[in-house]
Amino acid sequence: MKRGADDDGGKSQRAVANDKRPKTQQDREVQKTMCLICGGEVTQLGKQVHGGCVLEKGFFALQREAFSLHRDPDDKKVGCPKCEYKNYNMDQVKKHLRVCTNTRQPATPPTAPSMPQLPTPAANVTQRDGEGVVQHPPSLTDDNYEVSIETTLHSHPDIKLLLQEILHESAHDEGGRSESSKTRVKTTVCKDGSFQSHLLREHDLVINTTHRILICIPCKGIINPFDIRGHLQHHHKAFKSRLTLQQEFDEEVLDEYFDLTDNPPHPALAVDPIYGLADPIPGHIQCGTCHHCYASRKTFNLHQCPKPDPLPTPTHVQQFRNFSGSPWFAVIPRAVPHPQQTPWQLYQNTASHDDPNEGSANHENYRILHQFFHKEGWIEKLQRRQHERLMPLVSCSTSDPTYGTLHKHIVTFLAEAQQSSQAYYLRRLISSRPAEEHDETKVRHHRPVNPSTLQNYAHVVATLIAFIHRIVISNQTEYQFKIPIEITSSCKQLISSLNVLVSGEDLEVLDLQDVEAFDTYDSDDDSDIDNEEDMNISTVNQATTNAQKSKRINSNIINLLYALYTQIPSSQNRGNFFSPINHYVLLSSL
């Protein structure tokens with residue numbers, strides 16, 4: 001009985017090893033895939049991109065408003081119709097649009113991962129009855145804002161401004177406002193003179209104590225501090241204000257800042273950027289006599305001044321009111337470091353200054369990219385095409401009933417071809433290490449390639465065949481090119497034999513992950529050997545079922561690969577893209 005139990009135990013262990021048990025949470029975390037377009041996590045199994053990342057158009061309807069969403073042909077992003085927010089995923093834009101529409105001022109995208117965890121200094125926190133919304137001025141927090149000048153300005157208060165609400169609310173009693181709350185409000189003024197209490201934040205207002213002005217953040221200009229409700233009713237009709245708003249403002253703010261004005265004096269010298277006003281604009285001419293600033297030399301010559309004296313250096317400017325008739329005053333510039341450029345941006349910058357006489361001065365990577373992008377015609381092939389629609393053409397999933405079976409057969413085909421001959425030249429063809437490296441390291445022969453490397457080779461070949469088959473069977477694909485009849489017939493014959501095999505009995509193909517003999521070697525490529533006998537690796541014999549069908553599939557694979565690698569240019573297929581392999585390399589590089 002004990003011996004029988006032991007024998008049965010060995011069988012059960014092998015059965016458990018081959019059994020496909022439910023995957024644990026740890027296995028699911030390992031199998032998580034990231035979107036190829038936006039970089040976010042893809043929750044759907046077998047998908048490499050989000051559904052919203054490939055949609056060109058969309059429609060989003062709310063209770064009182066509807067929007068038509070379109071993808072920008074330049075940066076391939078979907079923009080919010082109400083603000084400057086953009087994202088590759090249309091579903092994320094719809095979520096943002098729901099929040100953006102429910103606020104009086106358009107909301108902006110979440111803080112980028114590279115930003116600190118604390119809110120940005122320009123944050124505008126709005127509290128209303130029954131809801132709390134954190135808002136940011138679009139011009140200050142837009143992650144798509146590109147730095148196009150040497151120094152870019154943003155008017156923003158000190159970080160303490162964001163903590164005023166906590167300090168102010170802690171001083172409030174349940175009965176109403178107390179003297180301690182007024183003292184707390186007075187001591188929470190930022191270094192740059194910006195002050196914002198709970199009442200001001202509720203109505204998107206801010207006080208600048210240096211210039212003694214009250215600024216409306218959505219309007220980006222100063223308003224009359226003695227008629228706040230009139231300004232809200234005239235310019236922000238959708239926002240309902242209380243009848244006692246002016247009285248509350250007088251008791252809470254004007255008692256401390258009684259000298260607020262809506263007609264401040266023009267600054268004679270350059271001042272710090274004022275938070276709440278429009279962002280500073282560079283390139284203006286300042287008059288040394290009246291200290292007013294003008295956008296061009298023509299407007300400067302037209303201004304009424306006893307002794308016009310233009311300063312030699314252009315300056316950055318702001319204006320107290322956001323309209324063309326408001327005078328400009330000079331502000332102090334603040335340098336902002338340029339963001340790190342991507343490889344594509346570096347290439348574009350180099351190409352824009354390309355001089356054929358100075359080609360040798362360019363770095364090696366640029367010359368290689370320029371060779372493929374322009375001289376080989378890569379950019380011409382991809383112009384006016386949506387990359388999101390081209391990428392699925394060169395993707396292949398092992399879970400696919402047809403192409404996944406093709407991948408397994410190619411793995412078996414490569415493994416059998418490698419083991420069918422002891423000739424070293426065959427293994428040299430399969431190997432990926434160049435001959436020059438072997439000469440330097442004095443390695444003359446090759447070992448069989450490890451299973452993981454064979455899997456990579458098979459995936460590339462299967463994806464190439466799947467790409468050709470998609471072009472052959474459909475004329476509606478985004479990318480089309482001419483394929484010789486020999487390749488199309490071989491491809492159709494191969495896929496049809498796979499479909500017959502899938503519809504019939506299952507075929508056991510060689511699964512290299514279960515072959516323990518291949519794990520004898522640690523390297524994926526080649527290594528030096530001492531004895532020829534060490535190269536003999538025991539493999540698992542292919543199942544006898546459907547042997548004739550398996551041979552026919554291997555024969556079809558050989559015919560297709562032979563037609564691909566022996567194709568030459570013809571009258572119909574000329575130039576650098578005469579072979580489907582060239583088109584596959586182009587699309588797989590996206």
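Quick note: UniProt numbering has the sequence shown finishing at residue 590, numbered continuously throughout. Ideal placement from N, C-alpha and C gives every residue a C-beta, glycine not left out.
Name the one or two DSSP bridge partners that Leu214 has.
-> Ile207, Ile223
Straight-line gap, Pro580 to Asp400 (C-alpha atoms, nearest Å) | 22 Å
Is it a yes or a no for the segment 308 to 328 touching the segment 270 to 286, going by three-plus beta-carbon pairs under 8 Å?
-> In this structure the segment 308 to 328 lies against the segment 270 to 286, because at least three pairs of beta carbons, one per stretch, are closer than 8 Å.
Spatial neighbours of Asp514 in its chain, beta-carbon cut-off 6 Å, leaving aside the 5 residues before and after | Because Asp514 sits at a pLDDT of 40, beneath the cut-off of 50, its placement in the model cannot be relied upon, and the following sentence gives the value as read from the coordinates. Answer for Asp514: no residue qualifies.
Range of the contiguous alpha helix (DSSP H) that encloses Val585 = 580 to 588
With a threshold of 16 other CB atoms inside 10 Å of the CB of Gly51, please say whether the residue is buried or exposed.
-> exposed
With a cut-off of 8 Å on the beta carbons, I'd call Thr463 and Cys396 a contact; round off their distance for me.
-> 4 Å
If Ser490 sits next to Leu587, beta carbons under 8 Å apart, how far is it from one beta carbon to the other, in whole angstroms?
-> About 21 Å separates the beta carbons of Ser490 and Leu587, which is beyond the 8 Å limit, so they are not a contact pair.
Mapping DSSP to helix, strand and coil, what is Ala238?
-> coil
Rounded to whole angstroms, what's the CA-CA distance from Ile223 to Leu243? Just pull it up for me.
-> Cα to Cα, Ile223 sits roughly 18 Å from Leu243.
For Phe577, name the three-state secondary structure that DSSP assigns.
-> coil
Three-state secondary structure assigned by DSSP to His291 = coil
Nonlocal neighbours in the same chain, by C-beta distance under 8 Å from Asn87, ignoring five residues either side = Once the five neighbours on either side are set aside, the close Cβ partners of Asn87 are Cys38, Lys77, Val78, Val93, His96, Pro109.
For Gly193, is the classification buried or exposed, using 16 other Cβ atoms within 10 angstroms of its Cβ as the cut-off for buried?
-> Residue environment for Gly193: buried (at least 16 other C-beta atoms within 10 angstroms of its C-beta).
Apart from the five residues on each side of it in sequence, which residues of its chain come closer than 6 Å, Cβ to Cβ, to Ala466?
-> Cys396, Tyr403
Unbroken alpha helix (DSSP H) run spanning His387, endpoints | 387 to 390
Among Cys216, Lys482, Asp91, Gln348, nearest to Arg321 - alpha-carbon criterion = Cys216
Thinking just about the alpha-carbon of each residue, which of Cys80, Ser241, Leu36, Asn89 is nearest to the one in Cys53?
-> Asn89
How many angstroms separate the CA atom of Val206 from the CA atom of Ile228?
-> 12 Å
Using the Cα positions of Asp534 and Val449, report the straight-line distance between them to the nearest angstrom.
-> With a pLDDT of only 41 at Asp534, under the threshold of 50, the placement of this residue in the model should not be trusted; the figure read from the coordinates follows. For Asp534 and Val449, the distance between alpha carbons rounds to 14 Å.
With 16 other CB atoms within 10 Å as the buried threshold, where does His235 fall?
-> Note on His235: under 16 other CB atoms within 10 angstroms of its CB, so exposed under the neighbour-count rule.
Would you mind giving the Cβ-Cβ distance between Lys240 and Leu277, rounded to the nearest angstrom? I have them listed as a contact below 8 Å.
-> Not really, about 26 Å apart at Cβ, beyond 8 Å.
Do you know offhand how far Thr34's Cα is from Val42's?
-> Note that residue 34 is Met in the sequence shown here, rather than Thr. About 6 Å.
In the structure shown, what three-state DSSP assignment does Ser399 receive?
-> coil
Excluding the 5 residues preceding and the 5 following His292 in the sequence, name in chain order all residues of the same chain whose CB lies nearer than 6 Å to its CB.
-> Pro327
Give every residue of the same chain whose Cβ lies closer than 7 Å to the Cβ of Thr488, excluding the five residues on either side of it in the sequence, and list them in chain order.
-> Val472
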